[in-house]
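Student: First residue of the sequence shown: 1, per the working numbering; consecutive thereafter. Where a beta carbon is used, it is the ideal one built from N, C-alpha and C, also for glycine. To start, I am sharing the structure in question, which I have written as structure tokens.
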Amino acid sequence: MGALAALPASNLLAAEVDLPPVSVGAGVRSSFTYSDPDFGDEVSDFELNSARIYISGKVTENISLMFNTDYNAGGATPESVRVIDAVAQFSFSDEFNIWAGRFLPPSDRANLYGPYYANHWGVYRDGVQDGYPFETEGRNDGVMYWGQFGIAKVSAGAFDVQGLTKGSSDVLYAGRVQLDFWDPESGYYLNSTYYGEKDLLAIGVAAQTAAGDNAYSVDFLLEKKLANSGVVTIEAEYAKYDGLGGYPSPVSNINGPIPYDSSDGYYLLGAYVFPQTVGIGKFQVLAKYGEATYDYGFAELDQTTSELNLTYLIKDFNARVTLFYIDSSFDPNLGLDGKQMGVGLQVQI
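Next comes the structure, spelled out in structure tokens:
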């Protein structure tokens with residue numbers, strides 16, 4: 001200890017390690033849901049829907065790393081923790097960025113904002129939103145270019161997907177073009193709302209192709225902060241999954257889900273944030289309506305999904321509580337109809 005104290009101060013300073021800046025965060029989505037199917041028993045469940053850890057940092061001025069994990073209660077591998085983002089990011093200018101690793105590929109806005117930055121609670125239930133093929137949580141493994149040119153944001157890349165192109169010579173190609181006519185949206189990942197921080201009028205077109213099959217979509221977002229400080233949002237999308245992607249087949253037999261040839265559909269969403277502060281937050285009302293059609297070749301199945309939300313916004317996406325009601329129906333009625341209501345909580349740091 002005495003020898004250490006005798007060292008010159010300059011030597012002690014030289015021994016310090018200059019670590020790169022690192023950001024660490026986390027997110028949780030939890031809910032209580034009452035489900036009332038047309039056929040079967042009523043169910044009331046508490047659920048930890050998702051828990052995430054976010055890590056990001058800079059290696060140099062132009063090289064960054066993003067690493068995110070997710071615990072998901074459902075899906076193909078329930079009760080598991082998965083790596084959802086593991087990407088090296090090379091950013092040389094607004095116009096020239098290269099990403100490599102696992103991340104969200106060019107696709108519809110709904111995939112690029114994910115559940116934590118969605119305006120509504122019941123994401124990915126309508127047969128339309130985020131039906132593109134994915135490795136896990138909308139992500140694929142690959143490499144991509146993206147750039148911002150004034151009002152235009154352009155992205156294109158090549159990817160592999162387990163069960164689709166991995167283990168073969170096929171590659172999934174993906175691209176997206178987005179135009180922001182009012183305020184710009186920085187970065188590659190998107191939001192479904194900015195709660196009045198931006199005035200938005202955006203249109204995006206995306207497409208993917210692999211092994212001769214295709215998927216494509218058109219999405220629209222309008223958001224305006226009014227003179228009374230209320231915020232109105234309108235979101236819409238049309239998507240077609242022509243042999244590529246699409247939701248799991250709603251219809252099954254003793255051998256499992258019955259595959260369909262293609263599906264297409266649309267949804268409309270409207271929301272309004274009231275300007276008045278009530279307690280520590282503001283209230284938002286939201287309504288969403290979607291229709292999707294599954295083409296089995298020998299028959300078609302139509303799905304209709306309606307959703308109502310009342311959300312208490314404490315700190316935008318970082319703290320919000322939502323009362324939700326979701327109604328799903330099918331034509332012809334094969335016993336798949338059902339209603340859900342409940343309360344969802346989301347917290348992020």
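Going by the beta-carbon positions, is the gap between glutamine 340 and aspartate 36 smaller than 9 Å?
Tutor: For the 9 Å CB-CB criterion, glutamine 340 and aspartate 36 form a contact.
Student: So, valine 278 versus glycine 230, is the Cβ gap smaller than 9 Å?
Tutor: no
Student: Taking the alpha carbon of asparagine 318 as the reference point, which residue from Asn309, Tyr247, Gly281 and Pro275 has its own alpha carbon closest?
Tutor: Gly281
Student: Tell me the rounded alpha-carbon separation between phenylalanine 96 and tyrosine 238.
Tutor: 29 Å
Student: Using only the alpha-carbon positions, how far apart do valine 59 and tryptophan 121 sit?
Tutor: 36 Å
Student: Quick one: measure Cβ to Cβ for phenylalanine 159 and proline 105, integer angstroms, because I've assumed they're closer than 8 Å.
Tutor: Contact check for phenylalanine 159 and proline 105: beta-carbon distance about 5 Å, within the 8 Å limit, so the pair qualifies.
Student: Rounded to whole angstroms, what is the Cα-Cα separation between aspartate 70 and arginine 82?
Tutor: 5 Å
Student: Quick one, are the C-beta atoms of glycine 245 and glutamine 129 less than 9 Å apart?
Tutor: no
Student: According to DSSP, is leucine 221 part of a helix, a strand, or is it coil?
Tutor: Note: leucine 221 maps to strand in three-state DSSP.
Student: Do asparagine 119 and threonine 304 have their C-beta atoms closer together than 9 Å?
Tutor: Not a contact, by the Cβ cut-off of 9 Å.
Student: Between which two residues does the alpha helix (DSSP H) carrying leucine 112 extend?
Tutor: 109–113
Student: So is glutamine 346 buried or exposed if we call it buried at 16+ other beta carbons inside 10 Å?
Tutor: buried
Student: Rounded to the nearest angstrom, how far is the Cβ of serine 262 from that of aspartate 295, given a contact under 8 Å?
Tutor: Between the beta-carbon of serine 262 and that of aspartate 295 there is about 5 Å, and that keeps the pair under the 8 Å contact cut.
Student: Tyrosine 117: which of Ala271, Gly142, Ala299 and Asn191 sits nearest, CA to CA?
Tutor: Distance from the Cα of tyrosine 117 is smallest, within the candidate group Ala271, Gly142, Ala299 and Asn191, for Asn191.
Student: Distance, Cα to Cα, glutamate 61 vs serine 186?
Tutor: 18 Å
Student: So leucine 179 is in the beta strand (DSSP E); what residue range does that whole segment cover?
Tutor: 172–180
Student: Would you mind stating whether glycine 123 and aspartate 141 have Cβ atoms separated by less than 9 Å?
Tutor: A small correction: the amino acid at residue 123 is valine; glycine does not occupy that position in the sequence shown. Their beta carbons are not under 9 Å apart, which means valine 123 does not touch aspartate 141 by this criterion.
Student: In whole angstroms, give me the CA-to-CA distance for leucine 65 and valine 87.
Tutor: 6 Å
Student: Have a look at Ala202, Gly114 and Ala73 and flag the residue whose alpha-carbon is nearest the alpha-carbon of valine 177.
Tutor: Ala202
Student: Please tell me whether isoleucine 55 and valine 22 are closer than 9 Å, where the distance is taken between their beta carbons.
Tutor: yes
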